[in-house]
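Data block below; observations after.
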Amino acid sequence: MTPGQARRVYDRLLARHGPQHWWPADTAFEVMVGAVLTQNTAWRNVERAIANLRADDLLEPRRLLACDTAALAVRLRPSGYFNVKAARLQALCRWLVAAGGVEAIAGWPTEKLRHALLAVKGVGPETADDILLYAFHRPVFVIDAYTRRLFSRLGLCAPDAGYEALRHAFERVLPPDVALFNEYHALIVAQAKHVCRPRPCCADCCLRADCPSAGSGAVERSAG
DNA sequence: ACCCAGGGTCATA
DNA sequence: TATGACCATGGG
């Protein structure tokens with residue numbers, strides 16, 4: 039992937055979908071909670087679980103950690119996998135409190151913070167990078183299944199590209215710009231919701247102007 | 001009824 | 001290292 043290719047795809051996504059204003063949260067800790075809750079889960083359902091936590095004043099590390107795990111799971115019910123996610127949230131809080139809280143880890147260098155997050159049970163690469171980018175404003179490019187699907191359709195990466203390889207592919211060709219990375223990942227998610235169902239209509243579904251289901255939002259293909 | 005959603009862990013070969 | 005099973009609710 040060249041810098042020009044990465045930039046042109048971004049321009050097309052932005053023209054098509056507009057700014058996405060991610061991450062929808064009031065605090066860094068709320069981003070961390072949302073990043074765990076949204077694992078393989080529609081954001082709509084995550085919002086309900088977060089509303090439950092807010093109603094019980096649990097959007098704070100020590101109180102969430104002190105909460106009975108079974109009672110926490112009940113509040114997480116709408117976001118699915120509630121038993122798993124209750125344990126994962128508390129594992130994250132256990133580490134966070136031991137590390138000195140959000141203010142303390144905010145001062146850590148990105149690599150140290152990334153390794154520490156990945157060591158928490160229930161935090162994988164994508165969740166860690168969501169937290170690094172959207173909670174701590176580090177220039178880390180978040181990869182997900184949509185990114186791999188879209189860019190392999192565009193012929194810009196292998197269909198089975200690994201997480202780290204793909205992340206470095208983006209970070210190599212784009213400037214380490216937090217605002218750019220923020221918008222880019224959000225736009226890829228927005229684009230995914232736009233793919234023709236039940237089957238993609240074309241290789242770069244649906245970024246091309248002549249896509250049968252593109253409608254009026256279509257943009258011209260960028261010159262090569 | 002079926003498939004998917006802003007993944008990750010664990011057991012098995 | 002590489003699959004498969006599992007977690008579980010809500011919307012199309």
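Residue numbers (the numbering used here): 39 to 262. The beta-carbon is built from N, C-alpha and C at its ideal position, and this holds for glycine as well. Remember, it's a predicted structure, so these values are computed and weren't measured experimentally.
**Item:** Whole beta strand (DSSP E) elements within the segment 130 to 168, 3-residue minimum
**Value:** none
**Prompt:** Mapping DSSP to helix, strand and coil, what is valine 211?
**Reply:** helix
**Message:** Measuring straight from C-alpha to C-alpha, what distance separates asparagine 220 and tyrosine 172?
**Reply:** 7 Å
**Asked** From Ala183, Lys159, Ile143, Leu127, pick the residue whose C-alpha is nearest to that of leucine 170; which is it?
**Response** Ile143
**For phenylalanine 276, three-class secondary structure by DSSP** = Nothing about residue 276 can be read from this structure; the chain reaches only from 39 to 262.
**Message:** To the nearest angstrom, how far is the alpha carbon of tyrosine 48 from that of glutamate 68?
**Reply:** 27 Å
**Request:** Using a threshold of 7 Å, state whether the C-beta atoms of alanine 63 and aspartate 168 are closer than that.
**Result:** no
**Message:** Within 10 Å of its beta-carbon, does histidine 223 have 16 or more other beta-carbons around it, so buried, or fewer, so exposed?
**Reply:** Result: buried.
**Coil, strand or helix - alanine 261 by DSSP** = Bear in mind that the predicted position of alanine 261 carries a pLDDT of just 26, short of 50, making it unreliable; the figure below should be weighed with that in mind. Alanine 261: coil per DSSP, three-state reduction.
**Message:** Closer than 8 Å is the cut-off here; do at least three beta carbon pairs connect the segment 143 to 157 with the segment 197 to 209?
**Reply:** A contact between stretches requires three or more CB pairs, one per stretch, nearer than 8 Å, and the segment 143 to 157 fails this requirement with the segment 197 to 209.
**Message:** Let's test the definition: count the other Cβ atoms within 10 Å of the Cβ of tryptophan 61 and tell me whether it reaches 16, buried, or not, exposed.
**Reply:** buried
**Asked** By Cβ distance below 7 Å, which residues in the same chain neighbour threonine 107 in space, the five residues on each side in sequence not counted?
**Response** Taken in chain order, the residues that qualify are Ala124, Ala125, Gln128.
**Asked** Do tyrosine 184 and alanine 230 have their C-beta atoms within less than 7 Å of each other?
**Response** yes
**Message:** Can you list, in chain order, the residues of its chain with a C-beta nearer than 7 Å to that of glutamine 58? Leave out the 5 residues immediately preceding and following it.
**Reply:** Glu221, Ala224, Leu225, Ala228
**Request:** Taking all protein chains shown into account, decide if valine 161 is buried (16 or more other Cβ within 10 angstroms of its Cβ) or exposed.
**Result:** Valine 161 is buried by the Cβ-count criterion.
**Item:** Neighbour-count burial assignment, valine 112, 16 or more Cβ in a 10 Å radius
**Value:** exposed
**Asked** Helix, strand or coil: which one does DSSP assign to tyrosine 119?
**Response** coil
**Message:** Are the CB atoms of leucine 96 and valine 84 within a distance shorter than 7 Å?
**Reply:** Not closer than 7 Å, so no.
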